[in-house]
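What follows is one structure encoded as structure tokens, with my remarks underneath.
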Amino acid sequence: MTKHLEPLLPLVQQVLTAPNFPEQEMEAYIKRSQQRLKVDLSKNDIVADRVITERIFGTSHPYGYNTEPATFEQLNRSDLRQHFENNYHALNGMLIIKRKIEYAHPSVAQSIFRATPLKKRRI
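The numbering of the sequence shown is our numbering, which starts it at 1315 and goes up by one.
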């Protein structure tokens, strides 16, 4: 890992700070998710679990909310970007490197991620 760490860190920073959310990837994700949901809805245990959690928690609770096929059609790139802007920023996270790394590598990570702009959460 140490030989790949230095070239990898700028890519990690870009993904964490300025993702581009390509339209083609989003469309592919939506299609895969719709297909997976269609398969899941044909399984009795999953249908039963959806009904039980909805009845116990209610549809407005995260545990009781069930995704429907129409939910995926409502997804759009601007909502995804807005969600990212509101929830993923340097003030709302930390960098953890879990691995024995060479002495020089922490300074490489620090130099790259210190340049990460801090964003305040919009309320």
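Where a beta carbon is used, it is the ideal one built from N, C-alpha and C, also for glycine. For clarity, every value in this text was computed on a predicted model and none was experimentally measured.
Taking Gln1396 as reference, the option from Tyr1343, Phe1335, Lys1317 and Arg1428 with the minimal CA-CA separation is Phe1335. In chain order, Asp1354 place their CB closer than 6 Å to the CB of Ile1360, counting only its own chain and leaving out the 5 sequence neighbours on each side.
In the three-state reduction of the DSSP assignment, His1403 falls in the coil class, being assigned neither a helical nor a strand state. In the three-state scheme derived from DSSP, where H, G and I count as helix and E and B as strand, Glu1382 is classed as coil. For Thr1373, the secondary structure class from DSSP, reduced to helix, strand or coil, is coil. The beta strand (DSSP E) runs of length 3 or more contained entirely in the region 1323–1370 do not exist; there are none. Per the Cβ contact rule, the region 1326–1333 is not in contact with the region 1363–1381 (fewer than 3 Cβ pairs under 8 Å). When the beta-carbon positions are compared, Gly1378 and Glu1368 come within less than 7 Å of each other. Our two residues, Lys1345 and Asn1380, have alpha carbons roughly 18 Å apart in a direct line. Going by C-alpha positions, Arg1391 is about 21 Å away from Leu1325. In the structure shown, Leu1394 adopts helical secondary structure according to DSSP, grouped into three states.
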